[in-house]
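2 protein chains.
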Amino acid sequence: MTVKPAVTDNLLTPSEVATLFRVDPKTVTRWAKAGKLSSIRTLGGHRRYLESEVQALLQGIPQQRGTA
Amino acid sequence: MTVKPAVTDNLLTPSEVATLFRVDPKTVTRWAKAGKLSSIRTLGGHRRYLESEVQALLQGIPQQRGTA
DNA sequence: TCGCAGTGGGGTAATTTGGGAC
DNA sequence: CTTGTCCAAATTACCCCACTGC
């Protein structure tokens with residue numbers, strides 16, 4: 001059934017995502033605040049992003065919501 | 101986090117590519133719109149170009165499509 | 001505990017976008 | 001046909017400082 005293994009739910013730091021997109025870490029934070037990127041927060045308030053999410057976005061794959 | 105594997109191509113900003121080609125950023129944008137240049141967008145809509153692609157073009161290496 | 005690098009928050013300047021026209 | 005410049009708006013980059021993460 002061509003079951004895809006794990007989704008590599010690896011967490012990336014703002015600088016990691018920023019490097020991937022060639023933007024400023026602050027910009028990545030802005031995306032998270034804008035709700036364009038899913039973010040997990042540490043107990044200290046820092047954000048962490050899903051690598052799978054970032055990879056999908058890099059490929060130009062929008063968030064598929066509702067496959068009606 | 102200071103070092104990261106280069107699993108992704110280096111991305112250039114419109115002004116970077118424009119400087120490399122000695123043209124206006126607007127012209128670079130037109131190339132992207134014309135499909136002559138591969139480009140990925142940031143979540144904000146800004147374009148980022150592959151340095152490998154630009155370098156290849158700068159060297160006069162046309163994109164072989166169709167192998168006709 | 002200390003220190004270093006990274007991160008968050010706010011604000012401002014610079015860049016990029018989009019379309020139309022010459 | 002291609003390139004450069006005008007307009008307005010949106011997005012991004014860099015400044016400060018205080019705190020987090022390791």
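Chains as they are written, first to last, in this note's numbering: chain A, 1 to 68; chain B, 101 to 168.
For each residue, glycine too, the CB sits at the ideal point set by N, CA and C.
Tell me where the beta strand (DSSP E) around Leu120(B) begins and ends.
-> Segment Pro114 to Phe121 is the alpha helix (DSSP H) holding Leu120(B); no beta strand (DSSP E) there.
Using a Cβ cut-off of 9 Å, which residues of the segment 131-145 of chain B contact any Cβ in chain A, in chain order?
-> Ile140, Arg141, Thr142, Leu143 and Gly144
How big is the Cα-Cα spacing for Ser38(A) and Gly44(A)?
-> 17 Å
Euclidean distance between Cα positions of Lys69(A) and Gln155(B) | Absent from the model: residue 69(A). The displayed extent of chain A is 1 to 68, so no value can be given.
Does the distance from the C-beta atom of Thr113(B) to that of Arg148(B) stay below 9 Å?
-> yes
Under a Cβ-count criterion, where at least 16 other Cβ atoms within 10 Å of its own Cβ denotes burial, should Gln19(A) be classed as buried or exposed?
-> Before going on, a small fix: residue 19(A) reads as Thr here, not Gln. Its Cβ being crowded by 16 or more others within 10 Å, Thr19(A) is buried.
Cross-chain neighbours of Arg148(B) in chain A, by beta carbon under 9 Å | Phe21, Arg22 and Val23
Where Arg22(A) falls, given that 16 or more other Cβ within 10 Å makes a residue buried = buried
Which partner residues of Ile40(A) appear in the DSSP bridge assignment?
-> Arg48(A)
Going by beta carbon distance, what residues of the same chain come within less than 7 Å of Ser152(B), once the five residues before and after it are set aside?
-> Asp109
With 9 Å as the threshold, decide whether the Cβ of Leu57(A) is near any Cβ in chain B.
-> yes
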